Each structure stands twice: as C-alpha cells, then as structure tokens.
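Quick note on numbering: the UniProt record's numbering labels position 56 of the sequence shown as 56, and the sequence is numbered without any gaps.
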Amino acid sequence: MSEPARVRWEYATIPLLIHNTKAILDSWGVDGWELVTVLPGPGGADQPVAYLKRPAG
1 MSEPARVRWE YATIPLLIHN TKAILDSWGV DGWELVTVLP GPGGADQPVA YLKRPAG
C-alpha cells in the first residue's frame with residue numbers, strides 16, 4: 001500500500017484593520033486562503049494579526 005499524499009501548505013500573516021476586517025479576509029479568501037486564527041499584534045489587541053493558510057502549489 002502506498003502512503004496518502006501529504007498536503008503542503010503555505011502561510012501568510014496579515015494585519016487587520018478593525019473597521020475593515022470582513023473585506024480584508026474576504027479578499028484573501030477569494031485567493032484560496034483559509035483563516036487559521038487571529039491574535040493580538042505587537043501593538044496589542046487594537047492591532048490584530050490574522051494567520052492564514054492554503055495548499056501550496
């Protein structure tokens with residue numbers, strides 16, 4: 001038996017603007033990016049950073 005193919009991933013981190021979060025995430029989603037998590041950025045909770053992934057390739 002052969003091993004199942006492994007998916008290779010690429011990742012991106014993007015700053016989110018609180019007043020425009022949906023539009024930013026929608027534009028990345030159109031390009032195949034999936035949101036993994038959102039965490040506070042270096043400036044604190046007012047400057048969140050989104051972590052995204054998509055199959056590499």
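Backbone N, C-alpha and C define an ideal beta-carbon position, used for all residues, glycine too. Note that the structure is a prediction, hence the values are computed from the model and not measured.
Exposure of residue i, with buried meaning 16 or more beta-carbon neighbours within 10 Å
{"i": "tryptophan 33", "result": "buried"}
Straight-line Cα distance separating residue j from residue i
{"i": "arginine 8", "j": "leucine 52", "result": "14 Å"}
{"i": "valine 30", "j": "isoleucine 24", "result": "10 Å"}
{"i": "glutamate 10", "j": "glycine 57", "result": "9 Å"}
{"i": "proline 55", "j": "serine 2", "result": "21 Å"}
{"i": "arginine 6", "j": "alanine 12", "result": "20 Å"}
Close-in-space but distant-in-sequence residues of the same chain around residue i (CB under 6 Å, 5 per side omitted)
{"i": "glutamine 47", "result": "Gly41"}
{"i": "valine 38", "result": "Pro48 and Ala50"}
Residues near residue i by beta carbon distance below 7 Å, same chain, minus five either side
{"i": "valine 36", "result": "Tyr51, Leu52 and Lys53"}
7 Å Cβ cutoff met for residue i and residue j
{"i": "proline 15", "j": "valine 49", "result": "yes"}
Per DSSP, the bridge partner or partners of residue i
{"i": "tryptophan 9", "result": "Pro55"}
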